[in-house]
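Chain order of the listed sequences is A and B.
What the first sequence shows, in our numbering, is residues 497 to 1056, in sequence order.
What the second sequence shows, in our numbering, is residues -19 to 171, in sequence order.
Below is one structure, written out as structure tokens; comments come after it.
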Amino acid sequence: MPKTYDAIVVGSGMTGGWAAKELTEAGLNTLVLEAGRMVTTADYVEHVPTWQVRFRGLDDRKTRSATQPIQRECYACDEWSSKFFVNDHDNPYTTPPDKPFLFLRGRQVGGRSIMWGRQTYRWSDLDFEANLRDGISIDWPIRYADIAPWYDHVERFVGISGEKLGLPQLPDGPFLPPMELNCGETLVRDAVAKHWPGERVVTIGRCAILTENHNGRAACHYCGPCERGCVTRSYFSSINATLPVAQATGKMTLRPHSVVHSLMYDRGRRRVTGVRVIDGQTKHAIEFRARVVFLCASTLESARILLNSKTPEFPNGLANSSGELGRNLMDHVMGGGASGKINAPADKKPVGRRPNGIYLPRFRNLQGGPKSSFLRGYAYQGGAGREGWGRGTEMPGFGADWKHALRDPGPWHFTFYGFGECLPDRNNFVEIDPTTVDAWGVPVLKIHCVYGPNETALMQDASIAAAEMLAAAGAWDISPFVHNNPPGKAIHEMGTARMGRDPKTSVLNAHNQAHDIPNLFVTDGACMTSSANQNPSITYMALTARACAYAVNLMRRKEL
Amino acid sequence: MDRRSLLGLLGATAAIAAAPGDLADYGRAIHLGLGGSPGRRVLDPHQDATVVALTDVILPATDTPGAKAARVNEFIDLLLAEWSEAEERDRFLAGLAAIDTRARDMFGKDFVDGTPGDQSRLLTVLDHEAAQWNAKPRATRGPEPFYRRIKWLTLFGYYTSQVGAEQEAHFAIIPGRFVPCAPADSTAGSE
């Protein structure tokens, strides 16, 4: 008989860590299954300088292109942090030839919460009501009031630094003190405020990086490359924050090298009974049982597990009576923006490497405002900085005087980089590729995803509006751009098991519970019904904590 | 073998024998007839001396050490041995040989045998040519001049070395604070 737990959590990253914390704190004996290896703070390399890595940061490009030709497309998959990304040969996926998709993955304890971008923005009812208002896709089954207390709950634990703005489209939270804008950024902030008063606001990024000591974790020391880890646990990851709390309850069993193949289903009771695991090292099959299962494996991995869990009752994937499982895949469209040189003080420069930039919240198609030719909107990230020694190649000269001239910082630059909403579309979907398995024999996904005309229009507008703002700030050498990034590149993939009110058109209900199977919850990005334009992780965390509380209540009432 | 061990070995001349993955590259270097100077895997003694001389004219010792002290030549050799594609390596070595051709045209000797004044005079011309190349439209300007390539390699190799990063650029691994508008000539915690 396999061992039975109260709960199984599949995945140990952003949402798996939260499920582990919330369920163990509620007293449930919880098994956390992680497909990859154990990672601890001993794996962190953020303080390893360039001269201690073989190619000084130029990366071992021959090895990388041989083993991680897809993962290397992420800026963080570099000479230090490539170990936190998967081997592409062991972890294949397929796409139609004309629909490139970048599936960027971290399979280890901590998942992608180790290398995430740490930007954290709440959604508002502008986002939760968007599908209903526009008459596309289906309505969200929740509103801001449903999730607001859970944003509070997770943000208080995580520690979010940021500036309160009182904007209806970007609700404030219980923020720690904000990081500071440098003097190039205040210049642009003031010009934008002067030209677009009440419409556009440049603020410091709201981020899951501590500006003061918080819950036993230390304030940031501004070394810079968070994606390499953090020995002071100053940024939020499951390793740094949630998993230690779960561990301390004594209720968590964390099992690395546990590749979940599929879920087990009891047709008589209409319940999942547990999971089938391939041991990542021995490749032996093992089964684990539990009263409730939380899928927190990431959007595409959770969809893959359900699609691989076919039964006679669910021939197209478990909990898929709606036919929506795998459909409505989204990823934020990004890469419309502009950069230029700005007239910030020549006698000033920032000191310390602030792992955060500016944010300019969405200003298009706000409620009560003018309507654009496209739906929804976008926000900008970016910031100002001065050139360093890297400009030396372009700087005429050589020798002692030239070397000393490089000691002065170079010109000030500013960049706005847009992230736009991606509309849900049934034709963007994933399915099991019957001809391909991964290194553990698990059938892989075939991903069909392309951006549509609305996404393209958003980024074109983002490029023009960014150039206008730079011009208003007195910038010169302004370069507008629209980078044609394939979907997946933003690593904000979401959808494929959407929430909704109607079991006929959605996979999950308002509490991330499968309509078809009451003891099955999916709380990672797969649950998303639309994408908004905000970085999504804090919303996944809030939904996970909310779903855990709901499940625990049902279990206490013996209804699960 | 982990990266740190490899890096430790790289500092020693035993690197070639100790790292099995490196043997193939070393073998190729021999095959190319490049021999390798002591501790170098691609650059022969003359090429190595030329790289040392070039990089140290570009970034000389002043009140801080220069490219020679930062062993930029060793880093360039590593890139040529392990990082560069064969075509890139061949182009670099051809560019290096062409420096001597220019040197003999200008002052009748190989670059390394010129006086500091000779070397500086040639680099002034090459620097001017590189600027002219850079000013041309991308579509019509042709391949990047070798001088520009070695100028970049010198900068990168120097400022990413411990000597260059710490002594010249005042790089601090842990700044400990963020000062948004510090004086531009401040050195504490900058990079």
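Yeah, the Cβ is synthetic: ideal placement off N, Cα and C, and Gly gets one too.
Rounded to whole angstroms, the Cβ separation of A958/A and G833/A is 6 Å, and the two are in contact under 8 Å. Only residues of its own chain outside the window of five on either side were considered, and among them L600 have a CB closer than 6 Å to the CB of I987/A, listed in chain order.
For F915/A, the enclosing beta strand (DSSP E) starts and ends at 908 to 916.
Assignment of beta-bridge partners to F1017/A by DSSP yields F790/A, Q1009/A. Distances from the CA of L941/A to each of A515/A, H1007/A, K899/A, G822/A were compared; the closest alpha carbon is that of G822/A. Taking L750/A as the centre and dropping the five residues before and after it, the same chain places the C-beta of V528 closer than 6 Å to its C-beta, in chain order. For K558/A, the enclosing alpha helix (DSSP H) has its first and last residue at 557 to 563. Counted as a single uninterrupted DSSP element, the alpha helix (DSSP H) harbouring T35/B occupies residues 25 to 38. Residue burial annotation: P163/B is exposed, with fewer than 16 other C-beta atoms found within 10 angstroms of its C-beta. For G893/A, the closest Cβ of chain B is nearer than 9 Å. The beta carbon of D642/A sits closer than 8 Å to the beta carbons of A1006, R1042 from its chain, once the five residues preceding and following it are set aside; these are given in chain order.
Fewer than three Cβ pairs drawn from the region 950 to 966 of chain A and the region 848 to 855 of chain A lie within less than 8 Å of each other, which leaves the two stretches out of contact. Here H108/B is exposed: its Cβ has fewer than 16 other Cβ atoms, across all protein chains shown, within 10 Å. Contact with chain B is found for R550/A, since one of that chain's Cβ atoms lies less than 9 Å from the residue's Cβ. Listed along the chain, the chain B residues whose CB falls inside 9 Å of the CB of Y571/A amount to none; the nearest CB is some 18 Å away. With respect to V829/A, G916/A sits close: the two C-beta atoms are nearer than 9 Å. Of the candidates P25/B, E146/B, I38/B, R20/B, the residue whose Cα lies closest to the Cα of W132/B is I38/B.
Residue-level contact check: P846/A touches chain B, since one or more beta carbons of chain B fall below 9 Å from its beta carbon.
Closer than 9 Å to the CB of H717/A there is at least one CB belonging to chain B. Counting only runs of 4 or more residues that sit fully inside the region 619 to 662 of chain A, the alpha helix (DSSP H) segments are 621 to 624, 626 to 630, 640 to 654, in chain order. Given a length threshold of 4 residues, each whole run of the alpha helix (DSSP H) inside the region 666 to 747 of chain A is given here in chain order: 679 to 691, 739 to 744. Within chain A, the residues placing a beta-carbon under 8 Å from that of W63/B are F551, L554, D556, R557, K558, ordered along the chain. H900/A reaches chain B at T42, D43, counting residues in chain order whose Cβ is nearer than 9 Å. Under DSSP, the beta-bridge partners assigned to K845/A are A162/B. Annotated as distal: N709/A and A737/A, with beta-carbon spacing of 9 Å or more. Under the three-state reduction of DSSP output, M534/A falls in the coil class, being neither helix nor strand. Looking at the backbone, the Cα of W619/A and that of L598/A are separated by about 25 Å.
Per DSSP, A880/A is one residue of the beta strand (DSSP E) stretching across 874 to 882. Inclusion of V1003/A and E820/A in the CB contact set at 9 Å is warranted, their separation being smaller than that value. Under the Cβ criterion of 9 Å, G137/B is counted among the residues facing chain A.
Residue environment: V933/A is assigned as exposed (fewer than 16 neighbouring CB atoms within 10 Å of its CB, all protein chains considered).
Looking at the DSSP output, I130/B shares a beta bridge with no other residue.
Straight across, the Cα-Cα distance linking N950/A with M1024/A is about 19 Å.
The beta carbon of D904/A falls within 9 Å of a beta carbon belonging to chain B, placing the residue at that interface. M675, E676, L677, N678, C679: these are the residues of the region 671 to 684 of chain A whose beta carbon lies less than 7 Å from some beta carbon of chain B, given in chain order. In this structure, the straight-line span from the alpha carbon of R713/A to that of P645/A is close to 23 Å.
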